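Following numbering that gives the first Met the number 0 from start to finish, the sequence shown increments by one per residue and tops out at 236.
All C-beta atoms, glycine included, are put in the ideal place defined by N, C-alpha and C.
Quick caveat: nothing in here was measured; it's all calculated off a predicted structure.
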Amino acid sequence: MASKFKSRSTESELMDMPIEDKAELFLNLKELEFINKLTGGPALGFLAIKKILAPEKNEIHIVDIGFGAGDMLNYILKHADELPCPVRLTGIDIMPEAREYALIAHPELFSKVKFETCDYRDWFEKGNKADLIIASLFCHHLKNGELIDFFKHIRMNASKGAIINDLARSPIAYYGIKIPTWLFSKSRFTKNDAPLSVLRGFKRNELEGFLHQAGILNHTVEWKWAFRYLISISNNG
C-alpha cells in the first residue's frame, strides 16, 4: 500500500478531460462545494487572507486561480467587511463551465467579480497583475513542472504574495474520502476524482522543494484539518 502514496499520481482526473456532459460536471462541482464547506476549506483560506493583508485604504486586487465552483470567491464576498482593506475580486478558470456554474450557484457574484475564462498564464502574459493570488484545490491538478511554473508566476506577478490550500497525500485522507463518496455521491466524477485528487496531492517536503525551485523563500507550509496544506507566500521584501 505504501507505494501507492510514495509519489504523486500522474493519472488525469475526469474533470481535467474534455467535458461531454455539462450537467454531470455541474453535479460534480455541487458535490465538491459541499465537501469543501463541510471540511472548512473556504473558512481556512479566508482566515489566512486576513492574516496576510495589512490595514490600508487602497483597494487590494485578489485573484482566484482555478476558482472551480466559485465558493471561495463567494465566501470572500460575504465576509469582505471582516478584511482590513477593500478588495477587488477576479476569478480565472480555464473551463467555461466553471463560470457558468459559479453564476448559477452564486448569482451575487455577477456584479462583484470579474471572471476570466483562460489559462492563467495567458492572463499574466497580457500584462495583468495581482496583489494577492489565491488557489484552493487547484495545485494538485498541475504536474510538478507546471506547479513550479505556477509558483514562479506568483513570485513575479503578485505584489503581496499568495494563499494556497491543497491536499495532503496519505492513506487516511485517501480512504477517508473514497469510502464516503462511493457510498453517497451521485456523481461518477466525484467518485473517481475525489480519491484521485488525494493521490495527486502532496507531502510537505515536496511542496517545500517546489517552492525552493521557484525561488520562493519567504513562505510557510502548514498542515491543517481535513488533510490540507496551507501555503502562505509573502512577496513583501
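Which class does Ile171 belong to by DSSP, given the choice of helix, strand or coil? helix
If you draw a straight line from the C-alpha of Lys142 to the C-alpha of Glu58, how long is it? 33 Å
Go ahead and pull the three-state DSSP assignment for Phe196. According to the sequence provided, residue 196 is Ser. The question's Phe does not apply to it. Note: Ser196 maps to helix in three-state DSSP.
Report yes or no: do the stretch 213 to 232 and the stretch 157 to 175 share at least 3 C-beta pairs separated by less than 8 Å? yes
Rounded C-alpha distance that separates Phe209 from Ile153: 13 Å
When the Cα of Ala134 is compared with those of Gly90, Pro170 and Leu198, which residue comes out closest? Gly90
Quick one: residues in its chain with C-beta nearer than 7 Å to the C-beta of Met71, no 5 flanking neighbours on either side, listed in chain order? Pro41, Gly44, Asp63, Ile133 and Ser135
With 16 as the cutoff for other CB atoms within 10 Å, does Asn234 come out buried or exposed? buried
Outcome for Phe109 when other beta-carbon atoms lying within 10 angstroms are tallied against a minimum of 16: exposed
Which residues does DSSP list as the beta-bridge partners of His60? Arg87
Quick check on Lys5 - is its C-beta less than 8 Å from some C-beta in chain B? Of the protein chains in this structure there is only one, and it is not chain B.
What is the DSSP secondary structure of Lys128, counted as helix, strand or coil? coil
In terms of alpha-carbon separation, which member of Lys223, Ile171 and Glu207 lies closest to Asn217? Glu207
Verify whether the separation of the beta carbon atoms of Leu52 and Pro83 is less than 8 Å. yes
If you check the beta carbons only, do Ala68 and Ala101 fall under 8 Å apart? yes
How about Glu12 and Asp192: are their beta carbons less than 8 Å apart? yes
Under the DSSP definition of a beta bridge, which residues are partnered with Leu222? Here the sequence assigns Trp to residue 222, which means Leu is not the residue at that position. Tyr228, per the DSSP bridge assignment.
Any idea what DSSP makes of Lys185, helix, strand or coil? coil
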